[in-house]
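Let me begin by presenting the structure, written as C-alpha coordinates, before commenting on it.
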Amino acid sequence: MRTLSLLLAAFLPLSLASGQEPSPPAKPRRPLPKEPIPLTDAPVQTREVTYKTTPQGELNLHFYLPPHWDPKKDQRPAMVFFFGGGWRSGSYRQFISQAAYFASRGLVCASADYRVSSIHKTTPDACVADAKSAVRWLRQHAADFGIDPQRIIAAGGSAGGHLAAATALVPGFDEPGEDTAISCVPNAMVLFNPALDLTLVVDREILGADGGNIAPAISPTRFLTSKAPPAILFFGTADTLAPHGTGYLRRAVEVGADAELWTAADEAHGFFNHQPWLEATTRKADEFLTRLGYLDGLPTLPETTVHLDRAP
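Positions 70 to 381 (our numbering) are the ones given, in order, by the sequence shown.
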(Lines of atoms letter the chains of each structure in order from A and count residues from 1; the text may use other names and numbers.)
(Lines give C-alpha, C1' and ligand atoms only; values in the text may rest on other atoms or scores of the structure.)
Protein backbone atom coordinates (compact mmCIF):
# COMPACT_ATOMS: atom_id res chain seq x y z
CA MET A 1 0.00 0.00 0.00
CA ARG A 2 3.03 2.31 0.30
CA THR A 3 3.09 2.45 -3.50
CA LEU A 4 -0.50 3.69 -3.58
CA SER A 5 0.34 6.52 -1.20
CA LEU A 6 3.20 7.54 -3.44
CA LEU A 7 0.91 7.31 -6.45
CA LEU A 8 -1.47 9.74 -4.79
CA ALA A 9 1.33 12.21 -4.21
CA ALA A 10 2.56 11.86 -7.76
CA PHE A 11 -0.85 12.50 -9.30
CA LEU A 12 -0.88 16.17 -8.42
CA PRO A 13 2.19 17.12 -10.52
CA LEU A 14 1.08 14.55 -13.11
CA SER A 15 4.57 13.62 -14.20
CA LEU A 16 4.79 10.99 -16.88
CA ALA A 17 6.88 7.88 -16.65
CA SER A 18 10.14 8.12 -18.56
CA GLY A 19 10.11 6.75 -22.07
CA GLN A 20 6.40 7.37 -22.54
CA GLU A 21 4.62 9.75 -24.89
CA PRO A 22 5.76 13.28 -23.95
CA SER A 23 3.29 15.61 -22.29
CA PRO A 24 2.26 18.92 -23.85
CA PRO A 25 3.61 22.09 -22.26
CA ALA A 26 1.79 22.41 -18.95
CA LYS A 27 -0.41 25.37 -18.08
CA PRO A 28 -1.50 25.99 -14.48
CA ARG A 29 -4.89 24.54 -13.75
CA ARG A 30 -7.60 26.92 -12.62
CA PRO A 31 -9.34 26.40 -9.28
CA LEU A 32 -12.90 25.16 -9.31
CA PRO A 33 -15.63 27.82 -9.34
CA LYS A 34 -16.75 28.68 -5.81
CA GLU A 35 -20.39 28.08 -6.74
CA PRO A 36 -22.01 25.96 -9.48
CA ILE A 37 -22.55 27.81 -12.76
CA PRO A 38 -26.23 27.43 -13.77
CA LEU A 39 -26.85 25.76 -17.12
CA THR A 40 -30.63 25.55 -16.79
CA ASP A 41 -33.47 27.33 -15.02
CA ALA A 42 -35.73 24.26 -15.15
CA PRO A 43 -37.36 23.23 -11.84
CA VAL A 44 -35.05 20.30 -11.09
CA GLN A 45 -35.84 18.37 -7.90
CA THR A 46 -33.13 17.08 -5.57
CA ARG A 47 -32.87 14.11 -3.25
CA GLU A 48 -30.11 12.48 -1.21
CA VAL A 49 -29.83 8.72 -0.64
CA THR A 50 -27.18 6.63 1.11
CA TYR A 51 -25.88 4.01 -1.31
CA LYS A 52 -23.10 2.51 0.80
CA THR A 53 -21.96 2.29 4.40
CA THR A 54 -18.21 1.88 4.88
CA PRO A 55 -15.98 1.61 7.95
CA GLN A 56 -15.20 5.30 7.35
CA GLY A 57 -18.83 6.40 7.12
CA GLU A 58 -21.84 6.65 4.80
CA LEU A 59 -21.60 7.54 1.11
CA ASN A 60 -24.49 9.29 -0.62
CA LEU A 61 -25.88 9.78 -4.08
CA HIS A 62 -27.09 13.35 -4.58
CA PHE A 63 -29.96 13.11 -7.07
CA TYR A 64 -31.15 15.69 -9.60
CA LEU A 65 -34.49 14.59 -10.99
CA PRO A 66 -36.29 15.50 -14.22
CA PRO A 67 -39.24 17.89 -14.14
CA HIS A 68 -42.70 16.40 -14.74
CA TRP A 69 -41.45 12.86 -14.19
CA ASP A 70 -43.20 10.01 -12.37
CA PRO A 71 -40.77 7.21 -11.45
CA LYS A 72 -43.67 4.77 -11.10
CA LYS A 73 -44.70 5.24 -14.71
CA ASP A 74 -41.62 6.38 -16.57
CA GLN A 75 -38.19 4.76 -16.98
CA ARG A 76 -35.41 7.18 -17.87
CA PRO A 77 -31.68 6.78 -18.53
CA ALA A 78 -29.54 7.58 -15.49
CA MET A 79 -26.24 9.46 -15.29
CA VAL A 80 -23.89 9.24 -12.31
CA PHE A 81 -21.02 11.71 -11.85
CA PHE A 82 -17.74 11.22 -9.98
CA PHE A 83 -15.80 14.32 -8.89
CA GLY A 84 -12.08 14.90 -9.38
CA GLY A 85 -9.36 15.64 -6.87
CA GLY A 86 -6.54 13.16 -7.37
CA TRP A 87 -8.28 10.56 -5.16
CA ARG A 88 -7.27 12.88 -2.30
CA SER A 89 -10.16 15.31 -2.01
CA GLY A 90 -13.15 16.80 -3.80
CA SER A 91 -16.90 17.10 -3.56
CA TYR A 92 -20.02 15.94 -5.36
CA ARG A 93 -20.76 19.65 -5.89
CA GLN A 94 -18.27 19.77 -8.76
CA PHE A 95 -20.86 18.32 -11.14
CA ILE A 96 -24.03 20.03 -9.90
CA SER A 97 -24.15 22.17 -13.07
CA GLN A 98 -24.00 19.22 -15.46
CA ALA A 99 -26.26 17.02 -13.32
CA ALA A 100 -28.97 19.68 -13.16
CA TYR A 101 -28.69 20.34 -16.90
CA PHE A 102 -29.01 16.69 -17.91
CA ALA A 103 -31.89 16.27 -15.44
CA SER A 104 -33.62 19.15 -17.23
CA ARG A 105 -33.10 17.19 -20.46
CA GLY A 106 -34.85 14.16 -18.98
CA LEU A 107 -32.16 12.03 -17.32
CA VAL A 108 -32.18 10.83 -13.72
CA CYS A 109 -28.85 12.24 -12.53
CA ALA A 110 -26.79 11.66 -9.40
CA SER A 111 -23.48 13.01 -8.17
CA ALA A 112 -21.72 10.44 -6.01
CA ASP A 113 -19.69 10.65 -2.84
CA TYR A 114 -16.71 8.31 -2.61
CA ARG A 115 -13.88 7.86 -0.13
CA VAL A 116 -10.79 10.06 -0.52
CA SER A 117 -7.43 9.89 1.18
CA SER A 118 -7.49 13.29 2.90
CA ILE A 119 -10.69 12.43 4.80
CA HIS A 120 -11.01 8.66 4.87
CA LYS A 121 -7.31 7.65 4.69
CA THR A 122 -8.06 5.36 1.75
CA THR A 123 -6.26 4.55 -1.50
CA PRO A 124 -7.44 4.51 -5.14
CA ASP A 125 -8.51 0.87 -5.05
CA ALA A 126 -11.16 1.85 -2.46
CA CYS A 127 -12.29 4.67 -4.77
CA VAL A 128 -12.76 2.14 -7.59
CA ALA A 129 -14.78 -0.11 -5.28
CA ASP A 130 -17.01 2.81 -4.27
CA ALA A 131 -17.64 3.83 -7.88
CA LYS A 132 -18.60 0.28 -8.78
CA SER A 133 -20.91 0.19 -5.77
CA ALA A 134 -22.64 3.38 -6.94
CA VAL A 135 -23.37 2.06 -10.44
CA ARG A 136 -24.45 -1.29 -9.02
CA TRP A 137 -26.78 0.46 -6.53
CA LEU A 138 -28.44 2.45 -9.31
CA ARG A 139 -29.06 -0.68 -11.32
CA GLN A 140 -30.32 -2.61 -8.28
CA HIS A 141 -32.74 0.19 -7.34
CA ALA A 142 -33.72 1.14 -10.89
CA ALA A 143 -37.41 0.36 -10.37
CA ASP A 144 -37.59 2.65 -7.32
CA PHE A 145 -36.15 5.62 -9.21
CA GLY A 146 -37.72 5.16 -12.63
CA ILE A 147 -34.35 4.25 -14.15
CA ASP A 148 -33.82 2.13 -17.24
CA PRO A 149 -31.17 -0.32 -15.93
CA GLN A 150 -29.84 -0.85 -19.45
CA ARG A 151 -29.13 2.86 -19.99
CA ILE A 152 -26.82 4.00 -17.21
CA ILE A 153 -24.11 6.56 -18.00
CA ALA A 154 -20.97 6.93 -15.88
CA ALA A 155 -19.33 10.35 -15.99
CA GLY A 156 -16.52 12.11 -14.17
CA GLY A 157 -13.54 14.42 -14.30
CA SER A 158 -9.84 13.71 -13.74
CA ALA A 159 -9.65 11.11 -10.94
CA GLY A 160 -13.44 10.90 -11.18
CA GLY A 161 -13.13 10.24 -14.89
CA HIS A 162 -10.77 7.42 -14.01
CA LEU A 163 -13.40 5.99 -11.67
CA ALA A 164 -16.17 6.27 -14.26
CA ALA A 165 -14.02 4.40 -16.78
CA ALA A 166 -12.94 1.87 -14.15
CA THR A 167 -16.54 0.86 -13.48
CA ALA A 168 -16.79 -0.12 -17.13
CA LEU A 169 -13.40 -1.63 -17.83
CA VAL A 170 -11.33 -2.60 -14.78
CA PRO A 171 -11.94 -6.17 -13.57
CA GLY A 172 -12.20 -6.92 -9.88
CA PHE A 173 -11.99 -4.38 -7.05
CA ASP A 174 -15.61 -5.04 -6.12
CA GLU A 175 -16.72 -4.36 -2.57
CA PRO A 176 -16.66 -7.65 -0.61
CA GLY A 177 -20.15 -8.90 0.08
CA GLU A 178 -21.86 -7.08 -2.78
CA ASP A 179 -23.98 -9.02 -5.26
CA THR A 180 -21.69 -9.06 -8.29
CA ALA A 181 -24.46 -10.72 -10.30
CA ILE A 182 -25.74 -7.14 -10.57
CA SER A 183 -23.47 -5.52 -13.13
CA CYS A 184 -21.48 -2.40 -12.26
CA VAL A 185 -20.72 -1.79 -15.94
CA PRO A 186 -22.37 1.38 -17.30
CA ASN A 187 -23.80 1.54 -20.80
CA ALA A 188 -21.98 4.74 -21.81
CA MET A 189 -19.23 7.01 -20.49
CA VAL A 190 -18.72 10.79 -20.47
CA LEU A 191 -15.14 11.50 -19.38
CA PHE A 192 -13.61 14.91 -18.66
CA ASN A 193 -9.78 14.82 -18.78
CA PRO A 194 -9.72 11.38 -17.11
CA ALA A 195 -6.64 9.54 -15.85
CA LEU A 196 -6.79 6.34 -17.88
CA ASP A 197 -3.34 4.76 -17.59
CA LEU A 198 -2.02 5.17 -14.08
CA THR A 199 1.41 3.90 -15.04
CA LEU A 200 1.82 7.25 -16.82
CA VAL A 201 1.04 9.20 -13.66
CA VAL A 202 3.94 7.95 -11.56
CA ASP A 203 7.71 7.59 -11.89
CA ARG A 204 9.05 4.15 -12.65
CA GLU A 205 10.70 4.00 -9.23
CA ILE A 206 7.26 4.12 -7.62
CA LEU A 207 6.18 1.05 -9.61
CA GLY A 208 8.80 -1.08 -7.87
CA ALA A 209 8.58 -4.53 -6.31
CA ASP A 210 6.63 -3.36 -3.26
CA GLY A 211 3.16 -3.65 -4.76
CA GLY A 212 3.64 -1.40 -7.77
CA ASN A 213 1.42 -3.57 -9.98
CA ILE A 214 -1.64 -1.79 -8.55
CA ALA A 215 -1.27 1.00 -11.13
CA PRO A 216 -1.72 -1.21 -14.21
CA ALA A 217 -4.39 -3.21 -12.38
CA ILE A 218 -6.66 -0.13 -12.15
CA SER A 219 -5.74 1.45 -15.51
CA PRO A 220 -8.87 1.38 -17.72
CA THR A 221 -7.13 1.70 -21.10
CA ARG A 222 -5.28 -1.56 -20.49
CA PHE A 223 -8.58 -3.45 -20.38
CA LEU A 224 -10.24 -1.78 -23.36
CA THR A 225 -11.94 -4.19 -25.78
CA SER A 226 -14.54 -3.98 -28.51
CA LYS A 227 -17.19 -4.62 -25.84
CA ALA A 228 -16.43 -1.37 -24.01
CA PRO A 229 -19.36 1.03 -23.59
CA PRO A 230 -19.38 4.00 -25.98
CA ALA A 231 -17.30 6.86 -24.60
CA ILE A 232 -16.75 10.56 -25.21
CA LEU A 233 -13.57 12.15 -23.83
CA PHE A 234 -12.60 15.80 -23.38
CA PHE A 235 -9.06 17.14 -22.92
CA GLY A 236 -7.24 20.44 -23.16
CA THR A 237 -4.18 20.20 -25.38
CA ALA A 238 -2.08 21.87 -22.64
CA ASP A 239 -3.12 19.24 -20.09
CA THR A 240 -0.32 16.89 -19.03
CA LEU A 241 -2.96 14.15 -19.01
CA ALA A 242 -3.67 14.66 -22.73
CA PRO A 243 -1.68 11.51 -23.67
CA HIS A 244 -4.24 9.49 -21.70
CA GLY A 245 -6.87 10.60 -24.19
CA THR A 246 -4.84 9.90 -27.32
CA GLY A 247 -3.75 6.56 -25.88
CA TYR A 248 -7.34 5.57 -25.18
CA LEU A 249 -8.48 6.59 -28.65
CA ARG A 250 -5.60 4.74 -30.30
CA ARG A 251 -6.48 1.57 -28.40
CA ALA A 252 -10.19 2.03 -29.15
CA VAL A 253 -9.45 2.17 -32.87
CA GLU A 254 -7.28 -0.96 -32.59
CA VAL A 255 -9.98 -3.03 -30.88
CA GLY A 256 -13.03 -1.48 -32.55
CA ALA A 257 -14.53 0.30 -29.53
CA ASP A 258 -16.84 3.32 -29.89
CA ALA A 259 -14.94 6.41 -28.68
CA GLU A 260 -14.89 10.13 -29.45
CA LEU A 261 -12.01 12.37 -28.34
CA TRP A 262 -12.56 16.15 -28.33
CA THR A 263 -9.83 18.64 -27.51
CA ALA A 264 -9.69 22.31 -26.56
CA ALA A 265 -6.67 24.08 -28.01
CA ASP A 266 -4.15 25.38 -25.45
CA GLU A 267 -6.42 24.64 -22.48
CA ALA A 268 -5.18 23.17 -19.20
CA HIS A 269 -6.41 20.44 -16.88
CA GLY A 270 -9.90 21.15 -15.58
CA PHE A 271 -10.82 23.57 -18.37
CA PHE A 272 -14.32 22.08 -18.57
CA ASN A 273 -15.24 23.50 -15.15
CA HIS A 274 -15.25 27.07 -16.49
CA GLN A 275 -17.15 29.04 -19.09
CA PRO A 276 -17.28 29.01 -22.03
CA TRP A 277 -15.92 25.45 -21.97
CA LEU A 278 -18.48 24.28 -19.42
CA GLU A 279 -21.26 24.93 -21.92
CA ALA A 280 -19.21 23.69 -24.88
CA THR A 281 -18.37 20.32 -23.33
CA THR A 282 -21.85 19.83 -21.87
CA ARG A 283 -23.42 20.57 -25.23
CA LYS A 284 -21.08 18.12 -26.98
CA ALA A 285 -21.88 15.45 -24.37
CA ASP A 286 -25.58 16.14 -25.01
CA GLU A 287 -25.06 15.51 -28.73
CA PHE A 288 -23.19 12.28 -27.94
CA LEU A 289 -25.99 10.99 -25.71
CA THR A 290 -28.56 11.97 -28.33
CA ARG A 291 -26.61 9.90 -30.87
CA LEU A 292 -26.90 6.93 -28.52
CA GLY A 293 -30.65 7.46 -28.15
CA TYR A 294 -30.49 8.52 -24.49
CA LEU A 295 -31.77 12.05 -25.18
CA ASP A 296 -34.29 13.48 -27.62
CA GLY A 297 -34.21 16.72 -29.54
CA LEU A 298 -31.57 19.42 -29.58
CA PRO A 299 -29.45 20.65 -26.67
CA THR A 300 -31.04 23.50 -24.75
CA LEU A 301 -27.66 25.20 -24.40
CA PRO A 302 -26.72 27.87 -26.93
CA GLU A 303 -23.94 27.46 -29.45
CA THR A 304 -20.70 28.71 -27.93
CA THR A 305 -18.01 30.93 -29.38
CA VAL A 306 -15.28 28.38 -28.59
CA HIS A 307 -14.52 25.31 -30.64
CA LEU A 308 -13.77 21.73 -29.68
CA ASP A 309 -11.72 19.73 -32.18
CA ARG A 310 -12.44 16.06 -32.79
CA ALA A 311 -9.40 13.84 -32.96
CA PRO A 312 -9.32 11.69 -36.10
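Even glycine gets a Cβ: it sits at the ideal position worked out from N, Cα and C.
For clarity, every value in this text was computed on a predicted model and none was experimentally measured.
- Fully contained in the segment 131-199 are the following alpha helix (DSSP H) runs of length 4 or more, in chain order: 165-173 and 186-189.
- Within the same chain, Leu302, Gly314, Leu318 and Ala380 come within 6 Å of Leu330 by CB-CB distance, once the 5 residues on both sides are set aside.
- Boundaries cannot be given for Ala337, as no alpha helix (DSSP H) includes it and DSSP labels it neither H nor E.
- Taking each of Pro312, Pro345 and Leu176 in turn and checking the Cα distance to Thr374, the smallest one comes out for Pro345.
- For Gln125, the secondary structure class from DSSP, reduced to helix, strand or coil, is coil.
- If you look at Pro312, you'll find it in the alpha helix (DSSP H) that goes Ala311 to Val324.
- Contact annotation: the segment 347-364 does not touch the segment 238-253, with fewer than three C-beta pairs closer than 8 Å.
- DSSP assignment within the segment 224-272 yields the following whole beta strand (DSSP E) runs of 3 residues or more, N-terminal first: 257-261.
- Beta-carbon to beta-carbon, Ala326 and Ser295 are separated by about 6 Å, close enough to satisfy the 8 Å threshold.
- Assigned with DSSP and collapsed to three states, Asp327 falls in coil, not helix or strand.
- DSSP places Pro218 in the strand class (E or B) of the three-state scheme.
- Going by beta carbons, Phe214 and Val177 fall inside the 7 Å limit.
- In the three-state reduction of the DSSP assignment, Glu372 falls in the coil class.
- Using a Cβ-Cβ distance cut-off of 8 Å, the segment 196-209 and the segment 169-186 are in contact, since at least three pairs of beta carbons, one from each stretch, lie closer than that value.
- In the three-state scheme derived from DSSP, where H, G and I count as helix and E and B as strand, Val204 is classed as helix.
- Contact between Leu260 and Gly230 holds: CB atoms are separated by about 4 Å, below the 8 Å threshold.
- As DSSP reads the structure, Thr332 sits in a beta bridge with Phe304 and Asp378.
- In the displayed model, Glu356 falls within a helix according to three-state DSSP.
- Thr115 sits exposed, since fewer than 16 C-beta atoms from the chains shown fall within 10 Å of its C-beta.
- For Arg98, the three-state secondary structure derived from DSSP is coil.
- Contact between Leu310 and Ala264 is confirmed by a C-beta separation of about 6 Å, below the 8 Å threshold.
- In this model, Pro112 and Pro135 are separated by some 8 Å (Cα to Cα).
- With distances taken between CA atoms, Leu267 lies nearest to Arg291 out of Asn256, Arg99 and Arg291.
- Here Glu336 is buried: its Cβ has 16 or more other Cβ atoms, across all protein chains shown, within 10 Å.
- By the Cβ-count criterion, Gly246 is exposed, with fewer than 16 other Cβ atoms from all chains shown falling within 10 Å of its own Cβ.
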